[in-house]
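Trainee: Chains as they are written, first to last, in our numbering: chain D, 1 to 313; chain A, 1001 to 1313. Glycine residues also receive a C-beta, built at the ideal position from the N, C-alpha and C atoms. Got a structure here, written out as structure tokens. Questions coming.
There are 2 protein chains.
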Amino acid sequence: MSVYTPVSEAELRDWLRQYSVGALLECEPVAAGIENSNYFVTTTQGRFVLTLFERLPAGELPFYLELMGHLARHGIPCPAPIADLTDHYLQRLNGKPAALVTRLPGRSLDAPGAEHCAEVGALLGRMHLAARSFPAYLENPRGPKWWRFAAREVAPFLDASKRELLQDELAFQARHRFPDLPRGPVHADLFRDNALFDAGRISGVIDFYFAGVECLLYDLAVCANDWCLTPQRGLDAERAGALLSAYGAARAFLPLERDAWPVMLRAAALRFWLSRLHDYHLPRPGMLVHAHDPEHFCEILEQRRGAAAPWAP
Amino acid sequence: MSVYTPVSEAELRDWLRQYSVGALLECEPVAAGIENSNYFVTTTQGRFVLTLFERLPAGELPFYLELMGHLARHGIPCPAPIADLTDHYLQRLNGKPAALVTRLPGRSLDAPGAEHCAEVGALLGRMHLAARSFPAYLENPRGPKWWRFAAREVAPFLDASKRELLQDELAFQARHRFPDLPRGPVHADLFRDNALFDAGRISGVIDFYFAGVECLLYDLAVCANDWCLTPQRGLDAERAGALLSAYGAARAFLPLERDAWPVMLRAAALRFWLSRLHDYHLPRPGMLVHAHDPEHFCEILEQRRGAAAPWAP
């Protein structure tokens, strides 16, 4: 169980009176997730997820919740925040900012095939289109500004060759910014464990708490670096082709995006190498879950620096 | 099949490009419904209902759609309107105002028991609470003002005793207005065919196109006159008790509401007697579905005038 803030059934029962979701039947802590405390909540009216926000700045929470609400009302299968009786998404519970969202059916996949990559690509394309009418703005909280901050923090823990790799990649990325790529709100963390499948179809995209405004192509690069990986950390041509083709059928690529693809794959690898290094060497006090191995994304970055990136649409 | 405006697969496929709901898989006209043209629409992303509005004044449609959207984001299982890529709920298709909404699981019940009446009562109570933060206003389009209009129109078709019953009930209702009863947006048409059940639980409330701001108790009276009926048109004490108790557990009644209950049951019977008389004697040109027999609600009205109304909470 990985929850930081315990919630008793009696506390939850009381708290739910502020909503119109019926009476509590069951509450179960969710093991996954390292950023927030999550509970599966079943009421007489449906299945929900309760999230207590442990890390996120309170000022950013409305962006995430409103974005999820916006996408949900565009038909995107994502958790829909539930408004309380005073018509607000954001509440407090046991001293923490808290929100109730719908629970989606399905399970995440460990070993997706090309058909699953096509499903996630198509949904990502539709999600980007739907998100473009979302009016609020939050800069990608794990963008280039954060890379430089994180790089300074983790540099002392790296050996000389890793430090050189990091500095070289930061310099490369600084030379390759793409101000003309289509931008908009992106998920920015769409790993396999953040997508749910039901009977072979994608049934949900979850965990929007790294979302922000960024190049749309970056979202796809984050996906590709997880969904289309070979055992050697390369990109599987068939799965990457399926991801890109299905995305492109929903939102046609610009020629500029094709050119930017190899750089974007490196940017996405750099971002997760940095955050894993940071979590590993500078864990937050009280962090319950063991940090992921940073080496995985270092290898992905090295692989992307050395190899041509397949492009299929 | 009861659709007034045909929609071809090619037209629908094109039209759906304005949404982020995926590609069309299947489209099937819906047989039920006499007011609009409805289609079940299945896409690669989910199940939806397409409605082409045939009767409703265009100015009132935003009220209905926004109300459904408001209730859905409060967790009420009702059709959630889907916003298009320009972020609007209301579109046009084949010359008619049109909207796409989510399709809910479940089926309506012909012969509900007390347990089903409790389900609908509880949901109605929660729905009324959630609706109270809805900011838009539309007067109940089938309220006292409309009764007087409809009564003038249908009077020539009635025999002397029916005409006297109608005039007497209108006069009685005019003497018993309840300005202090809690008011808010109500469904106003929650008959058995507008509620869906799945595995014994209520899974949806549909068809909000008679909604308006009215006494909350009126909504419950409309329900009771359909869900709790005996073969003699009386109210079954067990089912009516279950309906009222479950509602009262969600939203506590005022003493004033208990006093108003018998009058409200008569008002609800009068409203449907009048609309059925109107549809029967003055059908709209091109109306495809045979009108319901008005006699049913005349008998309910006479029964409510003669009998004490059970009250249980």
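#1: Using beta-carbon positions only, say whether residue 329/D and residue 261/D come within less than 8 Å of one another.
#2: Here's the rule: buried if 16 or more other CB atoms are within 10 angstroms of the residue's CB, otherwise exposed. What is residue 1135/A?
#3: Looking at residue 182/D: is its Cβ nearer than 8 Å to the Cβ of residue 211/D?
#4: Could you check what DSSP says for residue 39/D in three-state terms: helix, strand or coil?
#5: Under the criterion of a Cβ to heavy atom distance below 7 Å, does residue 157/D qualify as lining the ligand ZN?
#6: Rounded to whole angstroms, what is the Cα-Cα separation between residue 1247/A and residue 264/D?
#7: Taking the straight line between their C-alpha atoms, what separation do you get for residue 122/D and residue 1092/A?
#8: Step through the CB atoms of chain A and report whether any lies within less than 8 Å of the CB of residue 87/D.
#9: Mapping the DSSP letters down to three states, classify residue 122/D as helix, strand or coil.
#10: List, in chain order, every chain A residue whose beta-carbon is nearer than 7 Å to that of residue 21/D.
#11: Can you tell me whether DSSP reads residue 1248/A as helix, strand or coil?
#12: On the DSSP letters alone, give me the boundaries of the beta strand (DSSP E) that residue 1206/A sits inside.
#13: With three or more beta-carbon pairs closer than 8 Å as the criterion, would you say the segment 1128-1142 of chain A touches the segment 1160-1174 of chain A?
#14: Could you tell me if residue 43/D is buried or exposed, where buried requires 16 or more neighbouring beta carbons within 10 angstroms of its beta carbon?
#15: I'd like to know if residue 17/D contacts chain A, where contact means its C-beta is closer than 8 Å to some C-beta of that chain.
#16: So is residue 155/D buried or exposed if we call it buried at 16+ other beta carbons inside 10 Å?
#17: I need the DSSP call for residue 1215/A, collapsed to helix, strand or coil.
#18: Alpha carbons only, please: which of 45/D, 273/D, 72/D and 158/D is nearest the one belonging to residue 1196/A?
#19: Using a Cβ cut-off of 8 Å (strictly closer), state whether residue 1001/A contacts chain D.
#20: Give me the subset of the segment 1122-1155 of chain A whose CB atoms are less than 8 Å from a CB atom of chain D, sorted by chain position.
#21: Work out the CA separation of residue 200/D and residue 57/D for me, nearest whole Å.
#22: Can you find a CB in chain A that lies within less than 8 Å of the CB of residue 212/D?
#23: With a Cβ-Cβ cutoff of 8 Å, do residue 1132/A and residue 1049/A count as a contact?
#24: Mark residue 1295/A as exposed unless 16 or more other C-beta atoms lie within 10 angstroms of its C-beta, in which case mark it buried.
#25: Since residue 235/D and residue 309/D should fall inside the 8 Å C-beta cutoff, what is the C-beta to C-beta distance between them, to a whole number of angstroms?
#26: Between the segment 43-56 of chain D and chain A, which residues of the former have CB atoms less than 8 Å from a CB of the latter, in chain order?
#27: For a test of the three-state rule: what should DSSP assign to residue 1241/A, helix, strand or coil?
#28: Looking only at C-alpha atoms, which of 267/D, 242/D, 96/D and 3/D sits nearest to residue 39/D?
#29: Is the number of C-beta pairs between the segment 60-75 of chain D and the segment 1012-1028 of chain A that are closer than 8 Å three or more?
#30: Can you pull the chain A residues whose beta carbon is under 9 Å from the beta carbon of residue 82/D, in chain order?
#31: Could you have a look at residue 1198/A and say whether DSSP puts it in helix, strand or coil?
#32: Kindly list the residues whose CB is nearer than 7 Å to the CB of residue 126/D, restricted to its own chain and excluding five residues on each side of it in sequence; keep chain order.
#33: Can you give the Cα-Cα distance for residue 1/D and residue 28/D, rounded to whole angstroms?
#34: From 1179/A, 1172/A, 1068/A and 1130/A, pick the residue whose C-alpha is nearest to that of residue 88/D; which is it?
#35: Using three-state DSSP, classify residue 21/D as helix, strand or coil.
#36: Quick one: what's got a C-beta closer than 8 Å to residue 79/D's C-beta in the same chain, skipping five residues either side?
Mentor: According to the structure data:
#1: There is no way to answer for residue 329/D, as the model of chain D reaches only from 1 to 313.
#2: Taking the first residue of the second sequence as 1, we reach residue 1135/A at position 135. By the neighbour-count criterion, in which 16 or more other beta carbons inside 10 Å mark a residue as buried, residue 1135/A falls on the exposed side.
#3: Counting from one through the first sequence, the residue named residue 182/D turns up at place 182. Counting from one through the first sequence, the residue named residue 211/D turns up at place 211. Between residue 182/D and residue 211/D, the C-beta gap is not smaller than 8 Å, which leaves the two residues out of contact.
#4: Start at 1 with the first residue of the first sequence, and residue 39/D comes out as number 39. In the three-state reduction of the DSSP assignment, residue 39/D falls in the strand class, which pools E and B.
#5: As for the ligand ZN, it is missing from this structure, which has no ligand bound.
#6: The sequence position of residue 1247/A within the second sequence is 247, counting from 1. The sequence position of residue 264/D within the first sequence is 264, counting from 1. Going from the Cα of residue 1247/A to the Cα of residue 264/D covers about 55 Å.
#7: The sequence position of residue 122/D within the first sequence is 122, counting from 1. The sequence position of residue 1092/A within the second sequence is 92, counting from 1. Between residue 122/D and residue 1092/A, the alpha-carbon positions lie close to 26 Å from each other.
#8: The residue labelled residue 87/D in the question sits at position 87 within the first sequence. By this cut-off, residue 87/D is an interface position.
#9: The residue given as residue 122/D occupies position 122 in the first sequence. Helix, per DSSP.
#10: As a position in the first sequence, residue 21/D is number 21, starting the count at 1. Neighbourhood of residue 21/D in chain A, by CB distance below 7 Å: 1075, in chain order.
#11: Mapped onto the second sequence, residue 1248/A falls at position 248. Reduced to three states, the DSSP call for residue 1248/A is helix.
#12: For the purposes of this step, residue 1206/A is taken as the residue at position 206 of the second sequence. That residue, residue 1206/A, is in no beta strand (DSSP E); it is neither H nor E in DSSP.
#13: The segment 1128-1142 of chain A vs the segment 1160-1174 of chain A: no contact.
#14: Counting from 1 along the first sequence, the entry for residue 43/D is found at position 43. Answer is buried; the Cβ neighbour count reaches 16.
#15: Position 17 of the first sequence holds residue 17/D. Under the Cβ distance rule, residue 17/D does not count among the residues neighbouring chain A, no pair being separated by less than 8 Å.
#16: Here residue 155/D is taken as the residue at index 155 of the first sequence, counted from 1. Counting C-beta atoms within 10 angstroms of its own C-beta, residue 155/D has fewer than 16 neighbours from the protein chains shown and is therefore classed as exposed.
#17: Within the second sequence, numbered from 1, the residue matching residue 1215/A stands at position 215. Looking at residue 1215/A - three-state DSSP - the assignment turns out to be strand.
#18: Against the second sequence, residue 1196/A aligns to sequence position 196. Relative to the Cα of residue 1196/A, the nearest Cα in the group 45/D, 273/D, 72/D and 158/D belongs to 45/D.
#19: Taking the first residue of the second sequence as 1, we reach residue 1001/A at position 1. Note on residue 1001/A: pLDDT 42, under 50, position unreliable in the model; no value is reported.
#20: Going along the segment 1122-1155 of chain A in chain order, one finds 1122, 1123, 1126, 1127, 1129, 1130, 1132 and 1133 with a Cβ nearer than 8 Å to chain D.
#21: Here residue 57/D corresponds to residue number 57 of the first sequence, with the count starting at 1. Here residue 200/D corresponds to residue number 200 of the first sequence, with the count starting at 1. Computed Cα separation, rounded: 36 Å.
#22: If you number the first sequence from 1, residue 212/D lands on position 212. No, no contact with chain A.
#23: As a position in the second sequence, residue 1132/A is number 132, starting the count at 1. As a position in the second sequence, residue 1049/A is number 49, starting the count at 1. The Cβ atoms of residue 1132/A and residue 1049/A lie no closer than 8 Å to each other.
#24: In the second sequence, counting from the first residue as 1, residue 1295/A sits at position 295. By the neighbour-count criterion, in which 16 or more other beta carbons inside 10 Å mark a residue as buried, residue 1295/A falls on the exposed side.
#25: The residue labelled residue 235/D in the question sits at position 235 within the first sequence. The residue labelled residue 309/D in the question sits at position 309 within the first sequence. Contact between residue 235/D and residue 309/D holds, with the beta-carbon distance rounding to 6 Å and staying under 8 Å.
#26: In summary, the residues of the segment 43-56 of chain D whose CB is separated from some CB of chain A by less than 8 Å are 44, 45, 46 and 48, in the order they occur in the chain.
#27: Here residue 1241/A refers to the residue found at position 241 of the second sequence. Looking at residue 1241/A - three-state DSSP - the assignment turns out to be helix.
#28: Stepping through the first sequence from its first residue, residue 39/D is reached at position 39. Residue 39/D has its Cα closest to that of 3/D, out of 267/D, 242/D, 96/D and 3/D.
#29: Between the segment 60-75 of chain D and the segment 1012-1028 of chain A, the count of C-beta pairs closer than 8 Å reaches three or more; the two stretches touch.
#30: Locating residue 82/D in the first sequence gives position 82, counting from the first residue. Contact note: residue 82/D reaches chain A through 1073, 1074 and 1075, using a C-beta cutoff of 9 Å and chain order.
#31: As a first step, residue 1198/A is located in the second sequence; it is residue number 198 there, counting from the start. Reduced to three states, the DSSP call for residue 1198/A is strand.
#32: Translated into the one-based positions of the first sequence, residue 126/D becomes position 126. Excluding residues within five positions, the ones whose Cβ falls inside 7 Å are 76 and 250.
#33: Taking the first residue of the first sequence as position 1, residue 1/D is located at position 1. Taking the first residue of the first sequence as position 1, residue 28/D is located at position 28. Annotation note: pLDDT 42 at residue 1/D (below 50); position unreliable, coordinate value reported separately. When only Cα atoms are considered, residue 1/D and residue 28/D end up about 10 Å apart.
#34: Looking up residue 88/D in the first sequence gives position 88. Ranking the options by Cα distance to residue 88/D, first place goes to 1130/A.
#35: One-based indexing of the first sequence puts residue 21/D at position 21. Three-state result, residue 21/D: coil.
#36: Walking along the first sequence from the start, residue 79/D turns up at place 79. Spatial neighbours of residue 79/D in its own chain (CB-CB distance under 8 Å, excluding positions within 5 residues in sequence) are listed in chain order as 49, 68, 72, 101, 102, 103, 104, 204, 206 and 208.
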